[in-house]
Each structure stands twice: as structure tokens, then as C-alpha cells.
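Here is the structure we will look at.
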Amino acid sequence: MKNRALSGAEKYIVTGGARLYGEIEVSSAKNSVLPLVACSLMVNGEVFLSNCEPASDAVNMLAIVRSLGGRCGFENGGIYLDCRGVRRHEVGEELTGRLRSSVFILGALVSRFRRAEISYPGGCDIGPRPIDLHTSGLRSLGVRVCENGERLVCDGRDIRGGELHLPMPSVGATENLVMAAAGTEGHTVIRGAAEEPEIVDLQNFINACGGRVRGAGSSRIEIDGVKELHGTSFAPSGDRIAAGTYMIAGAICGGEITVRGCESGHLATLTGLLRRSGAIVAERTDGVTVISDGRLRAPGRIETSPYPGFPTDLQSPMTALAAGAKGTSYIIENLFENRFRHIPELMKMGADITVCGRAATVRGRKLHAADVEAKDLRGGAALVLAALGCEGRSTVAGAAHIDRGYFGFDRKLAALGADVRRVSALDM
1 MKNRALSGAE KYIVTGGARL YGEIEVSSAK NSVLPLVACS LMVNGEVFLS NCEPASDAVN
61 MLAIVRSLGG RCGFENGGIY LDCRGVRRHE VGEELTGRLR SSVFILGALV SRFRRAEISY
121 PGGCDIGPRP IDLHTSGLRS LGVRVCENGE RLVCDGRDIR GGELHLPMPS VGATENLVMA
181 AAGTEGHTVI RGAAEEPEIV DLQNFINACG GRVRGAGSSR IEIDGVKELH GTSFAPSGDR
241 IAAGTYMIAG AICGGEITVR GCESGHLATL TGLLRRSGAI VAERTDGVTV ISDGRLRAPG
301 RIETSPYPGF PTDLQSPMTA LAAGAKGTSY IIENLFENRF RHIPELMKMG ADITVCGRAA
361 TVRGRKLHAA DVEAKDLRGG AALVLAALGC EGRSTVAGAA HIDRGYFGFD RKLAALGADV
421 RRVSALDM
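Quick note on the UniProt record's numbering: the sequence shown kicks off at 1 and runs consecutively.
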């Protein structure tokens, strides 16, 4: 087996045209696991998060915990953490620069140590994602926040419960503030909170550790701080974005696939769009089944918005579907301004797409194989899906981007019948 350290030079070789059949089970949601790992820094005991795969974002988050003195790793199909030995409250640029979700460390460290110092977080270049909602929320709780060059320094010695309002429902800010308040004396109310299922996971995890959080899943969350959280075993929800990606793959390629391990209610907006495109979607107690003949019609208007609206993380894969469907679709990206970086690559495959600001008009047509490059996580997955729907052999470079959120992407698709394999520079 080739060294995965070479992943930056790796690419997918995709020969399209095969129909997909079978079952696939998704792991715990990446967007739940990352804040739960950060929150484990606050726990006085052992934590086990079940059904977690070593996607690179999770690996990098564990590296941050380890750098602070925590013990952690992948074992028994999940993640084990013991952060009782953590003594440091500073995280350097080398680690935070690898992923955006490193910002979750901020609330957890302030909660535990009443201070934190981190370099600005990195991640995919999908547009400005300012953390002012995080810092202004912390200030509302009495935390002094200042910038020291490229670092954020938080002094939480005067932190206290309080009421705050988020001017927009930021998922990351909501999670960070819930963590900060969970270990802070007093009562905190967050209005304008994001409502994503991953925030419900965070609430349930904190409560399983002895915390007192209620209201997650609505726009108002209340937290009564506790002095200490104890260890627990916890099962995060299934990855709705990975599930949605495989559902879209099934619709594009045709065939019949069942995606298990996800809650169908979390995918309602996607289900509606796939049905509008001509696919049959049957909801199950533990997932969904997608049946398609591969001859899709345009889904029409797709507009991203916070949950329960259509998720921005599935916009790129749905754009790939629309590019090969019959008719015209309109894609409006309301959350991230650079979420169209996959479109020039789709156009190399023959897609007819016009972009104007945050809107794209997609005139569906038959796509052809081409050599393309992933620019970010979800856009990379979209290019693989587009290649699966084309006749001929395509290459998708930049596999490391896809690694951030999909572990074994090629193997899982191949298990459904797709002709896709991953190669490194040493193989080419």
C-alpha cells in the first residue's frame, strides 16, 4: 500500500457509465464529531464516540487535542479521548491552519481554563468565514478577546452566564458558545441559534456528561453551567452530508442503492429535489433508498440556507446532478461566496453553466469525461459524481480535499459497482 502522506499528489481515476446497486452505511457525522472532540477537552473522564472514521479533519482535530496533552485515538470503530491530563491552553498555527473546525477549541478551552490562545483557523477556501460571531458572543459572556498578530487571545477570568443574540444562525458560533457556557457559572440564553442536528448532538453529549443544556434544534438555547463534566460513551448522529452525497450519486448513475445510518428527516429538502428530478426516494427507519434510471430532469431552483433549508454542503453535488439533467436549473448560494469553485471544472466536462455573483444558471446537457481538479471538499466529491455519470475515463486530482470529509470514498463507491480507484504519483 502506498504511503498516504503522498495524498496531496493523489487523484481518482473514474470510468463512468456503471449503474450503482447495493447498500452503504454512513459513519457518525463529521460536523458532529469535530465539536464533540473539542468539547471532550472539558470532560473530567474518558470519552468514547462510536462509529467514527479517520477522515483527515478528524485526524487533525485529534492532533490538536494530543498537542494539548490529551490522550486520544481511533479504536474499536470509534474515537477514544481522555483529556484529564490537558494542561495547555495554546494551539499553534501549524495545527489550526489545517482545518476550520479548530475554532471550536476556543470555547472549550475558555470553559476549562478561563483562557485560550489560538492561531486563526484554516480549512477549505470557500469564502470568508469570519469568526466575529464567536468572539462577540464570548464578549457578551464577559470574556476579553484581543488579536495579537495572527492569534486570538481570550481572557475568561470574568466569564459569566448571560443573554446574547446571534444576528445570523452560525453553526460554529452556536456550538462554541454552548461549550463556553456549559462550564460557566450562571444561566445563559442564546437567541438566534442555529438549528442543525449537529447542535442537538452537542447538547445531548454535554447532558450525557452531566451538563444542563436544553432547546437545541430551535433558535433559543438555554444553558445552566456546571462545575464539572464526567466521561461518557456517546453515539453521534449519522452523517447527513455523506448520506446525501451517496443519494445524489445513486440518482446520477441510475440503479438502486440504500443508504443506512442516517435519519431521513434530516434530508427532507434533498429528498424533495431528487424526486423533482425523477428519482424515486423511499424513506426507511434507518435511512433511504434511491431508485433511478439515470435519465434525470432539472431540479429547478436550488437555494442554500441554514437548516432546515437546503444545506450548502450539498450544493456542489446537486450542481453536478443539474449539469447532466434535462432542462435548466438555478442555483443560489447564500452562505459562502466561493462555493462555485467546482463549476469551471464541471465546464471542462462540457457543462453549460453561467455564474453571476452567487447565482448560477445550469443548462443541463450530456457531459463527457475530462481531467479535472478538486478545489475543496464538497466540490471535489461533486466532480467524482459528475465523472461517474459520464461515459469514458476521467481523472479528479486533489484527492486530499475529499479526504477531509469522506474516508474511503473510492472504496465505498466501488462497493456499489462504480469503476473508481485512487492512485498516487508513484502509480502514474
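Beta carbons are placed, not taken as given, at the ideal position from N, Cα and C, and that holds for glycine. On a predicted model such as this, the values are computed, not experimentally measured, just so you know.
Worksheet item: Pick from Ala18, Gly389, Ser277, Ser32: whose alpha carbon is nearest that of Val200?
Response: Translated into the one-based positions of the sequence shown, residue 200 becomes position 200. Of the listed residues, the one whose Cα sits closest to Val200 is Ser32.
Item to complete: Measure the beta-carbon distance from Asn44 to His230 and round it to whole angstroms, keeping in mind my assumption that it falls under 8 angstroms.
Response: Translated into the one-based positions of the sequence shown, residue 44 becomes position 44. Translated into the one-based positions of the sequence shown, residue 230 becomes position 230. Between His230 and Asn44 the Cβ distance is about 6 angstroms, and since that is below 8 angstroms, they are a contact.
Fill in: Beta-carbon contacts of Phe48 that lie in its chain and below 6 angstroms, excluding the five residues immediately before and after
Locating residue 48 in the sequence shown gives position 48, where the first residue counts as 1. Gly78, Tyr80, Ser233.
Discussion item. What does the Cβ neighbour count give for Ala5, buried or exposed, with the cut at 16 atoms within 10 Å?
Written reply: The count along the sequence shown starts at 1 and reaches residue 5 at position 5. Residue placement at Ala5 cannot be trusted, given a pLDDT of 39 that sits under 50; what the coordinates show is reported in the next sentence. By the neighbour-count definition (other C-beta atoms within 10 Å, threshold 16), Ala5 is an exposed residue.
Worksheet item: Would Cys124 be called buried (16 or more neighbouring beta carbons within 10 Å of its own) or exposed?
Response: The residue labelled residue 124 in the question sits at position 124 within the sequence shown. Bear in mind that the predicted position of Cys124 carries a pLDDT of just 42, short of 50, making it unreliable; the figure below should be weighed with that in mind. Result: buried.
Item to complete: Would you mind listing the alpha helix (DSSP H) stretches within the region 9-43 that are 4+ residues and don't spill past its ends, in chain order?
Response: 30-39
Worksheet item: Going by DSSP, what residues sit across from Arg115 in a beta bridge?
Response: The residue given as residue 115 occupies position 115 in the sequence shown. Its beta-bridge partners are Asp155.
Discussion item. Bridge partners for Tyr330 per DSSP, in chain order?
Written reply: Here residue 330 refers to the residue found at position 330 of the sequence shown. DSSP, once it has assigned bridges, lists Arg301, Thr361 as partnering Tyr330.
Worksheet item: Which first and last residues belong to the beta strand (DSSP E) in which Asn76 is found?
Response: In the sequence shown, residue 76 corresponds to position 76, counting from 1. Taken as a continuous stretch (DSSP letters only), Asn76 belongs to no beta strand (DSSP E), as it is neither H nor E.
Worksheet item: So which of Met179, Asp132, Ala180 has the shortest CA-CA distance to Pro167?
Response: Numbered from its first residue, the sequence shown carries residue 167 at position 167. Put simply, of Met179, Asp132, Ala180 the residue whose alpha carbon is nearest the alpha carbon of Pro167 is Asp132.
Worksheet item: Any idea what DSSP makes of Ile241, helix, strand or coil?
Response: Taking the first residue of the sequence shown as 1, we reach residue 241 at position 241. The DSSP-derived three-state label of Ile241 is helix.
Item to complete: Assuming Gly244 and Leu267 form a contact by the criterion Cβ under 8 angstroms, report the distance between their Cβ atoms to the nearest whole angstrom.
Response: To locate residue 244, count along the sequence shown from 1; it is residue 244. To locate residue 267, count along the sequence shown from 1; it is residue 267. Going by Cβ atoms, the distance from Gly244 to Leu267 rounds to 6 angstroms, so yes, they are a contact pair.
Practice prompt. State the Cα-Cα distance for the pair Arg191 and Gln203, rounded to the nearest angstrom.
Written response: To locate residue 191, count along the sequence shown from 1; it is residue 191. To locate residue 203, count along the sequence shown from 1; it is residue 203. Rounded to whole angstroms, Arg191 to Gln203 spans 15 angstroms at the Cα level.
Discussion item. Taking 6 angstroms as the limit between beta carbons, can you name the residues of its chain near Val153, skipping five residues before and five after?
Written reply: Position 153 of the sequence shown holds residue 153. So the qualifying residues of the chain are Glu117, Cys146.
Item to complete: Can you tell me which of Gly255, Cys72, Gly261 puts its alpha carbon nearest to the alpha carbon of Ser28?
Response: Here residue 28 corresponds to residue number 28 of the sequence shown, with the count starting at 1. Ser28 has its Cα closest to that of Gly261, out of Gly255, Cys72, Gly261.
Worksheet item: Shortest alpha-carbon distance to Leu273 belongs to which of Met318, Gly364, Gly254, Thr312?
Response: Stepping through the sequence shown from its first residue, residue 273 is reached at position 273. If we check each option's Cα against that of Leu273, Met318 comes out closest.
Fill in: Rounded separation between Asp155 and Val110 - CA only
The sequence position of residue 155 within the sequence shown is 155, counting from 1. The sequence position of residue 110 within the sequence shown is 110, counting from 1. Answer to the nearest angstrom: the Cα atoms are 8 angstroms apart.
Fill in: Sufficient close CB pairs (3 or more, under 8 angstroms) joining the region 10-24 to the region 171-182
no
Fill in: Alpha-carbon to alpha-carbon, Arg378 and Thr184
Here residue 184 refers to the residue found at position 184 of the sequence shown. Here residue 378 refers to the residue found at position 378 of the sequence shown. C-alpha separation (whole angstroms): 36 angstroms.
Discussion item. Since Ala9 and Ser424 should fall inside the 8 angstroms C-beta cutoff, what is the C-beta to C-beta distance between them, to a whole number of angstroms?
Written reply: Indexing the sequence shown from 1 puts residue 9 at position 9. Indexing the sequence shown from 1 puts residue 424 at position 424. So it is a contact: roughly 6 angstroms between Cβ atoms.
Worksheet item: Where does Arg276 fall in DSSP's three states?
Response: Within the sequence shown, numbered from 1, the residue matching residue 276 stands at position 276. Correct three-state label for Arg276: helix.
Worksheet item: Hey, how far is the Cα of Ile402 from the Cα of Val86?
Response: As a first step, residue 402 must be located in the sequence shown, where it is residue number 402. As a first step, residue 86 must be located in the sequence shown, where it is residue number 86. Each residue's Cα considered, the two are about 31 angstroms apart.
Practice prompt. From the DSSP output, in three-state form, read off Ile131 for me.
Written response: Residue 131 sits at position 131 when you count from the first residue of the sequence shown. Here Ile131 sits in coil by DSSP.
Worksheet item: Quick one: any contact between the region 252-259 and the region 16-26, if contact means 3 or more CB pairs under 8 angstroms?
Response: yes
Fill in: With 16 other Cβ atoms within 10 Å as the buried cut-off, status of Glu53
In the sequence shown, residue 53 corresponds to position 53, counting from 1. By the neighbour-count rule (16 or more Cβ atoms within 10 Å), Glu53 is buried.
Practice prompt. Alpha carbon to alpha carbon, how far is Val384 from Ser394? Give it in angstroms, no decimals.
Written response: In the sequence shown, the residue the question calls residue 394 occupies position 394. In the sequence shown, the residue the question calls residue 384 occupies position 384. Cα to Cα, the separation comes out at about 9 angstroms.
Discussion item. Would Ser329 and Val362 qualify as a contact pair, given that the criterion is a beta-carbon distance under 8 angstroms?
Written reply: Here the question's residue 329 lines up with position 329 in the sequence shown. Here the question's residue 362 lines up with position 362 in the sequence shown. Yes.
Discussion item. Check for me: the alpha helix (DSSP H) holding Gly172 runs from which residue to which?
Written reply: The count along the sequence shown starts at 1 and reaches residue 172 at position 172. Here the alpha helix (DSSP H) through Gly172 covers 171-182.
Worksheet entry | Cut-off 6 angstroms between Cβ atoms - residues of its own chain near Tyr246, not counting five sequence neighbours on either side | Position 246 of the sequence shown holds residue 246. Once the five neighbours on either side are set aside, the close Cβ partners of Tyr246 are Ile24, Val259.
Discussion item. Any contact between the region 293-312 and the region 330-342? By contact I mean 3 or more CB pairs, one from each, below 8 angstroms.
Written reply: Short answer: they touch.
Worksheet item: Can you list the beta strand (DSSP E) stretches of 3 or more residues lying completely in the region 330-400, in chain order?
Response: 352-356, 359-363, 371-373, 392-397
Item to complete: Give me the Cβ distance between Ala370 and Met349, rounded to the nearest whole Å; I'm assuming they're in contact under 8 angstroms.
Response: Taking the sequence shown and counting its residues from 1, the one referred to as residue 370 is at position 370. Taking the sequence shown and counting its residues from 1, the one referred to as residue 349 is at position 349. So it is a contact: roughly 5 angstroms between Cβ atoms.
Worksheet entry | Sequence-distant residues of the same chain with beta carbon closer than 6 angstroms to residue 429, five excluded per side | The chain is shown only over 1 to 428; residue 429 falls outside these bounds and no answer can be derived.
Worksheet entry | Ser218 burial status per 10 Å Cβ neighbour count (16 or more: buried) | Position 218 of the sequence shown, counted from the start, is the residue given in the question as residue 218. Its Cβ having fewer than 16 others within 10 Å, Ser218 is exposed.
Worksheet item: For Arg421, which residues from the same chain have a beta carbon less than 8 angstroms from its beta carbon, with the 5 sequence-adjacent residues on both sides left out?
Response: Position 421 of the sequence shown, counting from 1, holds the residue named residue 421. Excluding positions up to five away in sequence, the list reads Tyr12, Ile13, Asp410, Ala414.
Discussion item. Beta-carbon within less than 8 angstroms of Val226's beta-carbon, same chain only, minus the 5 sequence neighbours each way: which residues are those?
Written reply: Indexing the sequence shown from 1 puts residue 226 at position 226. Spatial neighbours of Val226 in its own chain (CB-CB distance under 8 angstroms, excluding positions within 5 residues in sequence) are listed in chain order as Ala182, Gly183, Gly210, Gly211, Arg212.
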